[in-house]
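Asker: Pasting a structure here, questions to come.
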Amino acid sequence: MKMHKLHTAASAVLVTAVPVATWGLIGRQDAAGYSPSELDYAVQPLPLAASLETSLGVISLVLTVVTAALLAYASRSDTFDRGRWMVILPLIVAGLIVGAGWRVLTAGVIGANIGAGLVIWVGGPVTAALLFWALFVGLRGHDGGTDGNGRVRQSTV
Numbered sequence: 386m387k388m389h390k391l392h393t394a395a396s397a398v399l400v401t402a403v404p405v406a407t408w409g410l411i412g413r414q415d416a417a418g419y420s421p422s423e424l425d426y427a428v429q430p431l432p433l434a435a436s437l438e439t440s441l442g443v444i445s446l447v448l449t450v451v452t453a454a455l456l457a458y459a460s461r462s463d464t465f466d467r468g469r470w471m472v473i474l475p476l477i478v479a480g481l482i483v484g485a486g487w488r489v490l491t492a493g494v495i496g497a498n499i500g501a502g503l504v505i506w507v508g509g510p511v512t513a514a515l516l517f518w519a520l521f522v523g524l525r526g527h528d529g530g531t532d533g534n535g536r537v538r539q540s541t542v
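Each residue of the sequence shown is one higher than the one before, counting from 386 in this note's numbering.
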């Protein structure tokens, strides 16, 4: 049971860290050569220092790598149900879209932010589809389970 809780926590950290890592490592995308007061924003960026944003991105990247490695190792050693990747992977992709999309939405531009429109029109539906996919697969469940030793029981189908 302890391994199940560890894997659940690692999955949650992985899915949460991916968008923050993406957002933090992309950095601000403001138009060059203009002061912030001259720029137009579709959405005002968070009032954080660039160094803090980068630090949050690096910390989140480390958490992403560590938790992904832990879950990959657990999958390989049959202590983590491989079917759960069908829930986790769409959430990771959605996190990448959200992290990058937030940078586009908060980019300071001169005039219209066409990228923000694309994020909303394309990124929004794709992200929604990925979330619904993960929800559907997660609610549907899986055939396996674990034996008394914490190892994944193979399906007999």
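Glycine residues also receive a C-beta, built at the ideal position from the N, C-alpha and C atoms.
1) Residues in its own chain within less than 8 Å of Pro421 by CB, not counting five upstream and five downstream?
2) How far does the alpha helix (DSSP H) with Ile482 in it reach, from first residue to last?
3) Would you kindly check if the distance between the Cβ of His392 and the Cβ of Leu455 is under 9 Å?
4) I need the straight-line Cα distance from Pro430 to Ala457, nearest angstrom please.
5) Does the beta-carbon distance from Gly480 to Glu438 come in below 9 Å?
6) Whole angstroms is fine: what's the gap from Tyr543's alpha carbon to Asn498's?
7) Measuring CB atoms only, is the stretch 468-484 touching the stretch 516-525, in the sense that at least three cross pairs come out at less than 8 Å?
8) Start and end of the alpha helix (DSSP H) containing Leu516?
9) Beta carbon of Ile495, beta carbon of Leu424: below 9 Å?
10) Pick from Ala501, Val507, Leu410: whose alpha carbon is nearest that of Leu446?
11) Let me know if Arg488 comes out buried or exposed under the rule of 16 or more other beta-carbons within 10 Å of its beta-carbon.
Answerer: Concretely, from the data shown:
1) Result list for Pro421: Asp415, Gly493, in chain order.
2) 470-490
3) yes
4) Straight-line Cα distance between these residues: approximately 35 Å.
5) no
6) The question about residue 543 has no answer, for the chain in this structure spans 386 to 542.
7) With a cut-off of 8 Å on Cβ pairs, the stretch 468-484 is in contact with the stretch 516-525, counting three or more such pairs.
8) 509-525
9) yes
10) Leu410
11) buried
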